[in-house]
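Just so you know, we're using my numbering here: the sequence shown kicks off at 54 and counts up by one.
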Amino acid sequence: MLKAVLFDMDGVVVNTEPLHHKAYYKMFSDVNIEVSQALYESFTGQSTITICRYLVDHFNLKHEPEILVQLKRKHFKYLFENDTSLTLIDGVLERIKDYYNNGLTLVLASSASMPNINRIFERFDLNQYFIAKLSGADLKASKPHPEIFINAAKVSGYKTEECVVIEDSTNGMLASKAAGIFCIGYHGDIKSTQDFSLADYVIKDFSEIEYLKLKSIFA
């Protein structure tokens, strides 16, 4: 029986990807590296420190990964505070309220840093619906490692087979499946290059998984 829904954040709850893209490319410019769009897209779902460690090794940089993280977060913070176009994903707030009002336990499991998670939750008043927020940036292994979803299920108080993950990235879907959790792939961006064949069920709009429909899919 379905008891808990584990949400990814970027690309599922809020569309921060344009801000992250700008922040990363500003950081790439700071350290004088050229990152292809294909390489950048392969990072989707991974924590910032994991990405920066890869960049240091791949480009043989003299900078410590933590320096790259600081540069990227500085740019993101500025963009977050000055870009008024940032909004929640269409329909997600209605679903969050729907699940909450029908007694499902909600947990956020994101690769974003906790400061960024808190900024989003405070800006859009989401704390009232979720019992916990987990940041993959605090873990030893980033998605596609399943640790964050295993931990999220534990925090929810339910077994993995009683949980559903909503994800939009290849790495996130791989992490969900590795954790043994039913995965719904949110394919809201038709230009997305992520591998949605990894999901158990794919949606293009949150209206497709209102509470009763989600229960029937999960059954």
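We treat Cβ as the ideally placed atom computed from N, Cα and C, and that holds for glycine. Just so we're clear, the structure is a prediction, and the values are computed from it rather than from any experiment.
Between the Cα of residue i and the Cα atoms of the options, which residue gives the shortest distance?
{"i": "Val109", "options": "Thr97, Tyr211, Val122 and Gly98", "result": "Val122"}
{"i": "Thr103", "options": "Lys196, Phe259, Phe81 and His240", "result": "Lys196"}
{"i": "Ser166", "options": "Leu72, Val160 and Asp191", "result": "Asp191"}
Compute the Euclidean distance between the alpha carbons of residue i and residue j, then round it to the nearest angstrom.
{"i": "Glu119", "j": "Val65", "result": "27 Å"}
{"i": "Arg126", "j": "Ala194", "result": "20 Å"}
{"i": "Arg106", "j": "Thr213", "result": "30 Å"}
{"i": "Leu227", "j": "Asn85", "result": "32 Å"}
{"i": "Glu215", "j": "Ala272", "result": "10 Å"}
{"i": "Phe129", "j": "Leu157", "result": "32 Å"}
{"i": "His116", "j": "Leu124", "result": "11 Å"}
{"i": "Ile243", "j": "Glu220", "result": "15 Å"}
{"i": "Phe235", "j": "Ile262", "result": "14 Å"}
{"i": "Val88", "j": "Tyr78", "result": "8 Å"}
{"i": "Gly189", "j": "Ile170", "result": "11 Å"}
{"i": "Ser217", "j": "Leu159", "result": "According to the sequence as given, residue 217 is Val; it is not Ser. Roughly 10 Å between the two C-alpha positions."}
{"i": "Leu187", "j": "Glu147", "result": "22 Å"}
Locate the alpha helix (DSSP H) running through residue i, then write down its first and last residues.
{"i": "Ser95", "result": "Gln90 to Ser95"}
{"i": "Glu119", "result": "Pro118 to Asn135"}
{"i": "Ser163", "result": "Per DSSP, Ser163 belongs to no alpha helix (DSSP H); it is in the beta strand (DSSP E), Thr158 to Ser163."}
{"i": "Ala76", "result": "Glu70 to Asp83"}
{"i": "Phe174", "result": "Met167 to Arg176"}
Please go through the same chain and pick out, in chain order, the residues whose beta-carbon is closer than 6 Å to the beta-carbon of residue i, but skip the five residues on each side of it.
{"i": "Val67", "result": "Leu141 and Ile173"}
{"i": "Ile270", "result": "Tyr254"}
What is the C-beta distance between residue i and residue j, in whole angstroms, given that I count them as a contact (C-beta under 8 Å)?
{"i": "Ser163", "j": "Asp63", "result": "7 Å"}
Spatial neighbours of residue i within its chain, please: C-beta separation below 8 Å, excluding the five flanking residues on both sides.
{"i": "Asp143", "result": "Gly241, Asp258 and Phe259"}
{"i": "Ser222", "result": "Asp61, Gly64, Thr97, Gly98, Lys196 and Gln247"}
Kindly indicate the opening and closing residues of the beta strand (DSSP E) around residue i.
{"i": "Phe112", "result": "Where Phe112 is concerned, there is no enclosing beta strand (DSSP E), given that its DSSP letter is neither H nor E."}
{"i": "Glu220", "result": "Cys216 to Glu220"}
{"i": "Val208", "result": "No beta strand (DSSP E) contains Val208, which is instead part of the alpha helix (DSSP H) from Glu200 to Ser209."}
With a threshold of 7 Å on Cβ separation, who are the neighbours of residue i within its own chain once the five nearest residues in sequence on each side are excluded?
{"i": "Ala76", "result": "Lys125, His128, Phe129 and Leu132"}
{"i": "His198", "result": "Ala228"}
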